Amino acid sequence: MSIFEKIGVPIDYVVIGLAGGMVVLFLLVVVLFIKNAKLKKRYTAFMQGDKPESFEEVMKARFQDIDTIKEILVRHQAHFDELDEVFKASFQKMGIVRYDAFKEMGGTLSFALAVLNKEDSGFIINSMYSTREGCYLYAKEVIHGESFVVLSEEEQEALEKAKKSQDLIQ
2 MSIFEKIGVP IDYVVIGLAG GMVVLFLLVV VLFIKNAKLK KRYTAFMQGD
52 KPESFEEVMK ARFQDIDTIK EILVRHQAHF DELDEVFKAS FQKMGIVRYD
102 AFKEMGGTLS FALAVLNKED SGFIINSMYS TREGCYLYAK EVIHGESFVV
152 LSEEEQEALE KAKKSQDLIQ
């Protein structure tokens, strides 16, 4: 007497159930083989590409391109560093103050112009205009934001404006 007979299940049903399970498993295996074949085909196409060159050759070429780009960036960085040094010395900040130098004898045609570089070094030009006397022009050197020559009120104001002005080149 078999186990199935003891629990009251006819052996025919067991055989039919097992056969049905085998058919389902067989269909699943067939589906998996089909999916595997499609995946293998896609993988092969990916690795070979549309052109005869292989994926490995394409990757080598890309890495070579990256190395070339790195070299170019290093060269450009050196140029940028050189330009940065040049720009530090170039004049970038300005401040101007207009005033009447001879109180009601020339109008506000006189001016003090401060021109500075990144380190606040440069010069101040003071143009004093008079309708009777003409125009007088003075230049004073500025080093690190200070002049070693006494500055007039207008020149000092122009210097402060220049020091506070935003660098044209950051």
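If you're matching positions, the sequence shown starts at 2 in our numbering and goes up one per residue.
We put the beta carbon where it would ideally sit given N, CA and C, even for glycine.
Model, not experiment: these values are computed from the prediction.
Can you list, in chain order, the residues of its chain whose CB lies under 6 Å from that of Lys-89, leaving out five sequence neighbours each side?
As a first step, residue 89 is located in the sequence shown; it is residue number 88 there, counting from the start. For Lys-89, where only same-chain residues beyond five positions count, the Cβ hits under 6 Å are Lys-119.
Report all residues from its chain with a CB closer than 6 Å to the CB of Arg-99; omit the five preceding and five following residues, and keep chain order.
Locating residue 99 in the sequence shown gives position 98, counting from the first residue. For Arg-99, where only same-chain residues beyond five positions count, the Cβ hits under 6 Å are Thr-109, Phe-112.
State the DSSP-derived secondary structure class of Val-143, mapped to helix, strand or coil.
In the sequence shown, counting from the first residue as 1, residue 143 sits at position 142. The three-state reading of DSSP puts Val-143 in strand, counting E and B together.
Could you spell out the range, first to last residue, of the beta strand (DSSP E) harbouring Ala-115?
Within the sequence shown, residue 115 is the residue found at index 114, counting from 1. 111 to 117 is the span of the beta strand (DSSP E), which, as asked, contains Ala-115.
Burial state of Val-151 (16 or more Cβ within 10 Å):
Position 150 of the sequence shown holds residue 151. Counting of Cβ neighbours within 10 angstroms places Val-151 among the exposed residues, the total staying below 16.
Here's the rule I'm using: 16 or more other beta-carbon atoms within 10 Å means buried, otherwise exposed. How should Asn-37 be labelled?
Residue numbering aside, residue 37 sits at position 36 when the sequence shown is read from its first letter. Around the beta carbon of Asn-37, fewer than 16 other beta carbons sit within 10 angstroms, so the residue counts as exposed.
Since Ser-131 sits in a beta bridge, which residues does DSSP pair it with?
Here residue 131 corresponds to residue number 130 of the sequence shown, with the count starting at 1. Beta-bridge pairing by DSSP links Ser-131 to Gly-135.
Expressed to the nearest angstrom, what Euclidean distance is found between the alpha-carbon atoms of Ile-144 and Phe-64?
Translated into positions along the sequence shown, residue 144 becomes position 143. Translated into positions along the sequence shown, residue 64 becomes position 63. In this structure, the CA atom of Ile-144 is about 50 Å from the CA atom of Phe-64.
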